[in-house]
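Chemist: Right, I'll just put the structure down here and ask away after.
Numbering (my numbering), first residue to last: 46 to 196.
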């Protein structure tokens with residue numbers, strides 16, 4: 046009887062096992078990395094808000110950071126009861142520069158006036174005014190706080 050030489054079989058089996066392990070590891074790794082939802086990052090912005098006691102309106106001033114698009118949402122809550130929602134583009138007092146480039150940039154103000162039917166019956170100097178600014182692109186809050194009457 047003739048004796049067989051099986052030395053080549055173990056090398057082929059080892060190579061196939063290494064290839065199988067490599068392909069399965071790469072598949073799992075690519076599945077984990079590619080299924081991770083990449084969302085736009087929250088923009089860094091510095092917004093200052095105050096109540097103008099002379100004109101009884103609310104002013105939000107962009108003081109630095111990234112420009113915000115005009116579809117940025119503003120939520121105003123007065124005395125924890127009245128909630129008003131608007132976009133930056135709803136503000137009629139935006140500068141022409143904002144309207145041209147489509148962004149709320151540094152040094153530009155959003156003024157919420159009594160003519161917007163938000164604060165027509167309220168005396169804002171004795172009211173608690175909470176403001177939240179939400180970036181629509183990243184769907185994240187960029188400013189939240191209680192503002193008081195101006196100095």
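The C-beta atom is built at its ideal place from N, Cα and C for all residues, glycine as well. Model, not experiment: these values are computed from the prediction.
My output table needs one value for residue 182: the three-state DSSP class, helix, strand or coil.
Modeler: The residue you call residue 182 lines up with position 137 of the chain shown. If DSSP states are grouped into helix, strand and coil, residue 182 belongs with coil.
Chemist: Contact between the region 175 to 183 and the region 88 to 95: three or more CB pairs below 8 Å?
Modeler: Yes: at least three Cβ pairs fall under 8 Å.
Chemist: Report the rounded CA-to-CA distance for residue 56 versus residue 66, giving the unit in angstroms.
Modeler: The residue labelled residue 56 in the question sits at position 11 within the chain shown. The residue labelled residue 66 in the question sits at position 21 within the chain shown. One C-alpha to the other measures close to 15 Å.
Chemist: For residue 121, count neighbouring Cβ atoms within 10 angstroms of its own Cβ and tell me buried if that reaches 16, exposed if not.
Modeler: As a working note, residue 121 is residue 76 in the chain shown. That one is buried.
Chemist: List the whole-angstrom C-beta distance separating residue 111 from residue 93, where the pair is believed to meet the contact cut-off of C-beta under 8 Å.
Modeler: For the purposes of this step, residue 111 is identified with residue 66 of the chain shown, where counting begins at 1. For the purposes of this step, residue 93 is identified with residue 48 of the chain shown, where counting begins at 1. Actually they do not touch by this definition, with Cβ atoms about 16 Å apart.
Chemist: Classify residue 155 as buried or exposed, calling it buried when 16 or more other Cβ atoms lie within 10 Å of its own Cβ.
Modeler: Here residue 155 is taken as the residue at index 110 of the chain shown, counted from 1. Label assigned to residue 155: buried.
Chemist: State the DSSP-derived secondary structure class of residue 71, mapped to helix, strand or coil.
Modeler: Here residue 71 is taken as the residue at index 26 of the chain shown, counted from 1. Correct three-state label for residue 71: helix.
Chemist: Who are residue 106's beta bridge partners in DSSP?
Modeler: Position 61 of the chain shown, counted from the first residue, corresponds to residue 106. Paired residues: 93 and 154.
Chemist: Taking all protein chains shown into account, decide if residue 103 is buried (16 or more other Cβ within 10 angstroms of its Cβ) or exposed.
Modeler: Locating residue 103 in the chain shown gives position 58, where the first residue counts as 1. The residue is buried, with at least 16 neighbouring Cβ atoms inside 10 Å.
Chemist: Go through its chain and collect everything with a Cβ distance to residue 195's Cβ below 7 Å, but skip five positions before and after it.
Modeler: The residue given as residue 195 occupies position 150 in the chain shown. Low confidence applies here, because residue 195 scores a pLDDT of 48, under 50, leaving its location unreliable and the question unanswered by this model.
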